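K.L.:
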Amino acid sequence: MKTPGAVLLLLWLGLLVGAAESGDIDLLELKYLRSQVQDFESRLQVSEKKARNFETRLKASEDYIVNLQKRDEGMKVAFSLSLEQNEWRYSGPYNTGTTLIYKQVFLNIGNAYSPSSGYFTAPVRGVYDFSFYAYGEGNSDHMGAVLRVNKQTLVMAYGRIKEGYGDADASNGVSVLLEKGDEVDVYLPANHRVHDNNSHHSTFRGHLLFQM
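FYI, in mature numbering (1 follows the signal peptide of the UniProt record, and there is no 0) the residues of the sequence shown are -22 to -1, 1 to 190.
1. Looking at the strands, I want to know which residues DSSP matches up with Gly86.
2. Report all residues from its chain with a CB closer than 6 Å to the CB of Phe84; omit the five preceding and five following residues, and keep chain order.
3. Terminal residues of the continuous beta strand (DSSP E) containing Gln149?
4. Check whether the segment 111 to 120 and the segment 95 to 103 are in contact - that is, three or more C-beta pairs closer than 8 Å.
5. Tell me, which residues are paired with His170 by DSSP?
6. In this structure, does DSSP put Asp41 in helix, strand or coil?
7. In three-state DSSP terms, what is Leu186?
8. The beta strand (DSSP E) with Gln63 in it runs from where to where?
9. So, do the segment 70 to 89 and the segment 139 to 150 have three or more beta carbon pairs nearer to each other than 8 Å?
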């Protein structure tokens, strides 16, 4: 199919042919003009083909971006916790380590954190960001906690309470790639203690940065 621009050029060429037959234009000049028209039409077809290819690629890119936006908008994961609600309570020291169960849930979008088990379970494969803060007070105890993925130590927050009576605090955080179903918890090692009350000193939070 000829393009509109080419059709106009051919009409113009037809007028030139009529003029040549009537003697108003030289045949050599007509042949030259015809070759120019044909060359222009060829270049025009190439340009239009490139434009169609560009439109196809642009449409594919737009569809890809829309799909990414829909995917990210469809999965929102975030939680914010504190170890205790209103109680003044120590956790530890114990003879064996244990998972800390954060009872005060400020935020749990996506319900990926379980207040009964203390575990966060990744609902999708993606990069997540976690941070935790530990506070302790008492008599010459080790204060600290460990962030674990699938029960493997990732990072630790640690402090030593001075002899007599004192307090200590520490925090840590990390961004990590998780597979769907991976479990994250904050673990209290043996012979360590943390403390919390209604001021919410010992906290744990995290959120999904983006899916992979």
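In this text, a Cβ means the ideal position worked out from N, Cα and C, and glycines have one as well. Owing to the predicted nature of the structure, the values given are computational and were not obtained by experimental measurement.
P.N.:
Looking at the coordinates:
1. One detail in the question is off: residue 86 reads as Asn in this sequence, not Gly. Partner(s): Phe57.
2. Same-chain partners within the cutoff: Ser58.
3. For the sequence presented, residue 149 should be read as Ser rather than Gln. Taken as a continuous stretch (DSSP letters only), the beta strand (DSSP E) holding Ser149 covers 144 to 156.
4. The segment 111 to 120 is not in contact with the segment 95 to 103.
5. According to DSSP, which records beta bridges pairwise, His170 is partnered with His120.
6. Here Asp41 sits in helix by DSSP.
7. Correct three-state label for Leu186: strand.
8. For Gln63, no beta strand (DSSP E) run applies, since DSSP gives it neither H nor E.
9. No, because fewer than three Cβ pairs between the segment 70 to 89 and the segment 139 to 150 fall closer than 8 Å, the two stretches do not touch.
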